[in-house]
Each structure stands twice: as structure tokens, then as C-alpha cells.
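For the sequence shown, our numbering begins at 11 and goes up steadily by one. First comes the structure, then the notes that go with it.
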Amino acid sequence: MSTSFEKYQKRRLVSSYFSVVISIALVLFLLGMLGLLVLNTKKVADHFKEQIALTVYLKDNAKDVEIEQLKKSLAMADYTKSTTYVSKEEAAEAHSKEIGEDFMEFLGYNPLQNSIDVYMNADFVSGEQVDEIAADLTSKNFVDEVVYDKPLIALLNENVKKISFWVLIASGVFTFIAVLLINSSIRLSVYSKRFIIKTMQMVGATKGFIRRPFIWQSVKLGIIGAIIALIGMAGALYYLNNSFPQLALTSDVKLLAGLFIGIFLLGILITWLSTFFATSRFLNLKTDELYY
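Below, the structure written as C-alpha cells:
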């Protein structure tokens, strides 16, 4: 009989520890993924900004030497990420494929112009800066016009600010919820041993002596949960980096290492504090209050 009861108690204990570890791991994993999102919000926003092209249309009488000088000056400019020269012949061919027929055969000539698509660094993609760049390029006598999607740039910058603000708010709220969830799991684990705590106290054990094994056990569970969460984060990061290589999510190794270390330490810190306060609560209760 005693053997069966002991096995039953062990199963309950293992089940309790397992649920605590899983709770800690899931919460830390979600918190870590949110941390990855926060760290990469600017990178994702920059990626979309750098997809916006500023197109410089050249006059038909533009000399080859002028075009080459412009291409070189654009390539050396601080605001330029990359440039693509599109001849009027290439533009006509692409347009014909797009509409499904040879429009030059109908018109008898090629109305398109030579152009240079300029993709800018994200820091320069704002309404005022792009206006200045466009005005400077338009002032050249062999440039016909400079075209870019001004409403899209304004909308993108506005949305980036909104998203960044709400991501920070969500991070704060989720961190608070994460602490509460882990704290609840730890408190339930300690609650199941409240009579053991009170018995130890009644036989003369000090509060520090009683707390120590509970804290150490919870910290071990926190470490295990944090390791599981970090493995999950590493797997998710590997998948996302392979799916979206253009975002270069693993380029900043130091930042990622800081996040992983932070999640690991957070798992230890939350479990330590939760266990400390949970055991203190039951240590300060009277015996008859343990039944409520």
C-alpha cells in the first residue's frame, strides 16, 4: 500500500514539475519571440523603405559621358543603396511583355526614355530628404524629370512610427503578463507544499532554511524552462532567417546573444522572486489559514 502511495506521490510531483517547466518555457519562448520582433522592427521597416525607387528620366539628347558621370555620382552618394540603369530599349521590351503586344509596331517609334532607378538607404527615405534629392537631380540640364511615389513614402513612415509605438506597448504588457503567469505556476507549486512548510516552521526551522530548497528547486525548473524556450527560439530564428534571408535576422550576433542571455536570466530571476514571495506568504500564515 505504502509503495503504491509513494509512486502516486512521485507521479503527482513529476506532473507538477512538468507543468511548471512547460508554463515557464512557453511564456519565455513567446517573450523571446516578441523580443526578436522588437529588435528587428527597424530592420523590417528599413527593408520596405529600401524597396522604394526614385526614377530619374533622362532627355534623349543626354550625352553618354553625362549619363556615366551621373551614374558614378549616384553610386558614390550617401543616400544611394543601389542603382539600375534602364535603357529605352530595355524599358520598351519590358513594357511589351507586360501588355502582351509590341506597342512600338503600332506607334512606329519608341516613346520611352532612358532612366536610372535609384534605391535609397532607409535613413534617407523621408518626404523632405527625397524632395531635396529629387530637386538636386532635376536641376541637371540633361535630366527630364524625377519620379517617385511621395504618398507611399509618407504612408510608410507614418505606419512605421505607429507600429513601433504599439510594439513597445505590447512588449510591456506581455512582459507583465508573462511575469504573472510564471508567478502563478510557481505559487501553485508552492501551495501544494504549504503544510510541509508550516510543519518545518513548527519544528523550529528558520525561514531562510525553509525557503532555500524551494527556491533552488524553482530556479532549476526555471533554468530547464529557459533552455527549452531558447531551443525553440533558435529553431524559429533559423526558419525565419532561411525564409527571409533579405532581412539578415542573424547579422547582429551580439544583439541576439544579449537577447538569449536576457531570456535565460529572466527565467531564473522570475522563478527566484516568485518562489521567495510565495514561501514568505505561507510562512506568515497561521495554521488554520492554510485550509482556505
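No residue lacks a Cβ here, since even glycine has one placed at the ideal position from N, Cα and C. Just so it is clear, the structure is predicted and the values come from calculations on it, not from any experiment.
With respect to glycine 235, isoleucine 62 sits apart: the two C-beta atoms are not nearer than 7 Å. Just so you know, the alpha carbons of asparagine 167 and lysine 203 end up roughly 55 Å apart.
In this structure, the CA atom of isoleucine 187 is about 16 Å from the CA atom of isoleucine 32. Sequence-distant Cβ neighbours of asparagine 50 in its own chain, meaning closer than 8 Å and more than five residues away, are Leu257 and Leu259. Bounds of the alpha helix (DSSP H) holding alanine 246 are 217-253.
Each residue's CA atom was taken as its position, placing valine 135 and serine 106 some 31 Å apart. Distance check between leucine 190 and each of Phe287, Lys73 and Ile77 places Phe287 closest, using alpha-carbon atoms only. Note: tyrosine 158 is not bridge-paired with any residue in the DSSP secondary-structure output.
Straight through space, the alpha carbons of leucine 80 and glutamate 103 are spaced by roughly 24 Å.
For threonine 209, the secondary structure class from DSSP, reduced to helix, strand or coil, is helix. When secondary structure is reduced to three states using DSSP, alanine 87 falls in the coil class, being assigned neither helix nor strand. Assigned with DSSP and collapsed to three states, alanine 288 falls in helix. In the DSSP assignment, aspartate 127 is bridged to Thr65 and Thr94.
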